[in-house]
Structures are given as structure tokens and as C-alpha cells.
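Reading through the C-alpha cells given below for one structure.
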DNA sequence: ACCTCCTGTAAATTTTAATATTACACCTAT
DNA sequence: ATAGGTGTAATATTAAAATTTACAGGAGGT
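Residue numbers (our numbering), protein chains in the order written: chain E, 112 to 254; chain C, 112 to 254.
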């Protein structure tokens with residue numbers, strides 16, 4: 112099990128943008144170098160963040176900027192921008208249980224209750240973390 | 112992102128065992144039919160559950176039984192039996208950020224704080240759900 | 001003692017999802 | 001016009017999950 116690394120790369124990009132976008136033109140190839148990922152991956156991540164209103168970019172120019180204050184950006188916002196309804200499919204479920212068995216017939220319905228709870232809790236947990244605290248952590252580590 | 116379907120299959124098996132093990136000899140091929148999975152998958156799941164002390168099985172016979180009361184089995188116990196330190200690697204992290212960049216150099220350390228929090232919260236959430244409530248849910252759906 | 005059905009694993013294969021690459025039309029500043 | 005960038009689709013590569021095949025051994029019936 113794993114959550115794709117998009118989220119980590121996005122946080123990397125957001126920290127980078129927050130730190131340096133006032134000094135240099137932040138482009139996807141610059142972020143690609145810093146993260147070690149492919150520029151196309153970066154562009155698709157930036158595209159998701161842009162559509163979610165988290166950053167702004169200038170077509171043909173680059174110049175990525177935060178579109179919100181770091182304290183108004185939650186980890187959930189970021190995660191959701193990259194994997195819409197990723198939480199809905201948190202747990203894999205076996206697709207073809209026997210419909211002739213009482214358990215098999217109802218397992219999907221039964222699992223919904225516990226999985227909904229987990230999903231809701233995880234969403235709250237992700238929402239509780241904001242970009243500003245991660246940026247603060249970055250400054251702490253630097254010094 | 113996804114958590115492998117092992118967890119769902121395990122819950123299916125545990126409900127099945129709880130309901131029917133007093134009446135029939137629950138074997139891996141019976142569970143394979145009910146879940147729609149391969150018997151080998153079932154055996155590897157049962158093997159994990161057995162090592163975690165959640166069920167007992169008889170080599171060469173089958174006869175899977177719950178080894179604990181359903182109220183003493185949490186979803187975390189089950190998850191952990193199947194994917195030891197799955198939570199530790201919840202989030203994928205890009206492997207080769209540029210060490211020449213202040214962000215790239217420290218990103219792993221910085222991400223540890225938020226990811227630890229999420230992991231801890233998720234663990235608590237998984238622990239809060241016990242097998243008895245899922246079995247109750249099954250009975251509710253049946254009637 | 002032997003046969004049958006089962007377990008428990010290992011190893012190889014298939015399938016599926018994630019990541020990377022290639023390609024290209026279009027934007028913008030110089 | 002051109003150089004360097006974006007945005008996105010399509011394809012390939014890689015890595016992980018799930019299945020299948022294979023086989024040595026346990027337990028119980030006859």
C-alpha cells in the first residue's frame with residue numbers, strides 16, 4: 112500500500128515556490144531539477160494545483176506563484192488537487208465475491224461503514240496540517 | 112493510491128469464520144470461493160492472521176477459528192498482520208531530489224513531521240474500529 | 001499402509017497502476 | 001522570427017499487486 116509520491120513532490124514544489132519565486136522565475140524544468148522528477152510530471156502536478164487555486168502560473172513563461180497564503184493551504188487541499196476522490200478508493204476491495212454466499216453478497220455494503228469512518232478521519236487529519244507549518248519546519252531544519 | 116485489497120478479503124474471511132466455523136470446516140478453498148480470490152492468496156492472508164494470533168488453523172485440515180473475541184480484534188491488528196509497517200510507508204517520496212538545492216537536500220527531513228502525524232492519526236482511526244462492530248453491521252444488513 | 005484433501009511456501013507469471021518519456025501545438029518576451 | 005516556456009495527449013517503461021503453478025508435508029478415513 113502507498114499513496115503516490117505526487118503529494119511529496121507537490122510539497123517540495125510549494126516550499127520551493129514559497130522560498131524563491133520572488134527572486135527567480137520558477138519554471139517546471141527548474142522544479143524538475145530540484146525534485147529529480149521529469150518536467151512533464153511537474154507540469155501535471157502544477158496543473159492540478161493551479162486548477163485547485165493553490166498556485167498561479169503564466170503560460171509560456173513559468174513564474175509559478177502561491178495563489179493563497181500558506182496558512183490557508185491544507186495538506187488535504189493539496190492531496191485532493193492531485194488525486195480527486197483518492198480517499199474514496201482508499202481501500203482496495205475484491206471485485207467478485209460469490210453472490211450465492213451471504214457474506215459475499217453483502218460484503219461491499221458491510222465494509223462501507225468502517226471504510227467511511229477511516230476515510231473521514233484521514234480527511235480530518237490531512238486538513239489539520241497546513242503548508243505554513245511545513246514551511247516553518249523547513250526553516251527550522253535549515254538553521 | 113490505494114491500500115491493497117488484502118484487508119477487505121481478510122475482513123470477509125473473518126466474518127465468514129465467525130459465522131460458520133462452528134458448523135462447517137472452513138478451508139482455504141471454501142474461503143476462496145466465497146471471496147472470489149485464489150486459494151493461495153487466502154492461505155497467505157490466513158497465515159498472516161495466524162501469526163498475529165487472530166485466528167488458529169489446523170495444518171492439513173483447515174478448520175479455521177477465531178483465536179480472540181471479535182471485540183478484541185481491531186482493524187489495525189488486521190491491517191498490521193497483513194502489511195507490517197505498511198503505515199510507515201504510507202506516502203511515496205521521490206527518491207532523488209537534488210542535494211545541491213536547499214529544498215532538495217532537506218525535503219525528506221521536512222516531510223517526516225507531517226507524515227508522522229498522519230500516520231499516527233490513521234493508526235488511531237484503524238484501532239478505533241473493532242471486528243465486533245463490523246459483524247454487527249453484517250447482521251444488520253442481513254435482516 | 002495408502003489415498004485423498006488439505007496446508008504452507010516458494011517461484012514464476014500475469015495484470016494493473018505509477019512514473020517517465022516522447023511529441024507537439026500554442027503562448028510570451030526579446 | 002526565435003528561443004524558451006506551457007499544457008496535454010499518447011506511448012513506453014518500471015514497479016507493485018494479484019494470480020497461478022508447483023511441490024513437500026500434515027491429518028484423517030478406509
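The C-beta atom is built at its ideal place from N, Cα and C for all residues, glycine as well.
How about residue 71(E): is its C-beta nearer than 9 Å to some C-beta of chain C? Past the edges of chain E, shown from 112 to 254, lies residue 71(E), and the structure says nothing about it.
Check residue 112(C) in the structure and name its three-state DSSP category. Because residue 112(C) carries a pLDDT of 42, less than 50, the predicted location of this residue cannot be relied on, and the following value inherits that uncertainty. Correct three-state label for residue 112(C): coil.
Residues in its own chain within less than 6 Å of residue 238(C) by CB, not counting five upstream and five downstream? 185, 187
Let me know the secondary structure DSSP gives residue 117(E) once reduced to three states. helix
Kindly indicate which residue of 254(C), 249(C), 216(C) has the alpha-carbon position closest to the one of residue 144(E). 216(C)
Please list the partners that residue 240(E) has in chain C, where partner means a Cβ-to-Cβ separation under 8 Å. 225, 228, 229
Kindly say whether residue 117(E), judged by its beta-carbon, lies nearer than 9 Å to any beta-carbon of chain C. yes
Beta-carbon gap between residue 118(E) and residue 190(E) smaller than 9 Å: yes
Residue 192(C) and residue 160(C): beta carbons closer than 9 Å? yes
DSSP three-state call for residue 177(E): helix, strand or coil? strand
Taking the straight line between their C-alpha atoms, what separation do you get for residue 229(E) and residue 198(C)? 14 Å
Using beta carbons (cut-off 9 Å, strictly below), is residue 232(E) in contact with chain C? yes
On the criterion of 16 or more Cβ atoms from any shown chain inside 10 Å, does residue 253(E) qualify as buried, or is it exposed? exposed
Given 8 Å, three or more beta-carbon pairs between the segment 151-158 of chain C and the segment 176-183 of chain C: no
Residues of its chain near residue 219(E), where Cβ-Cβ distance is below 7 Å and the 5 sequence neighbours each way are ignored: 204
Which residues of the segment 202-214 of chain C have a Cβ closer than 8 Å to any Cβ of chain E? Give them in chain order. 202, 203, 204, 205, 206, 207, 208, 209, 212, 213, 214
On the DSSP bridge assignment, give the partners of residue 167(C) in chain order. 176(C)
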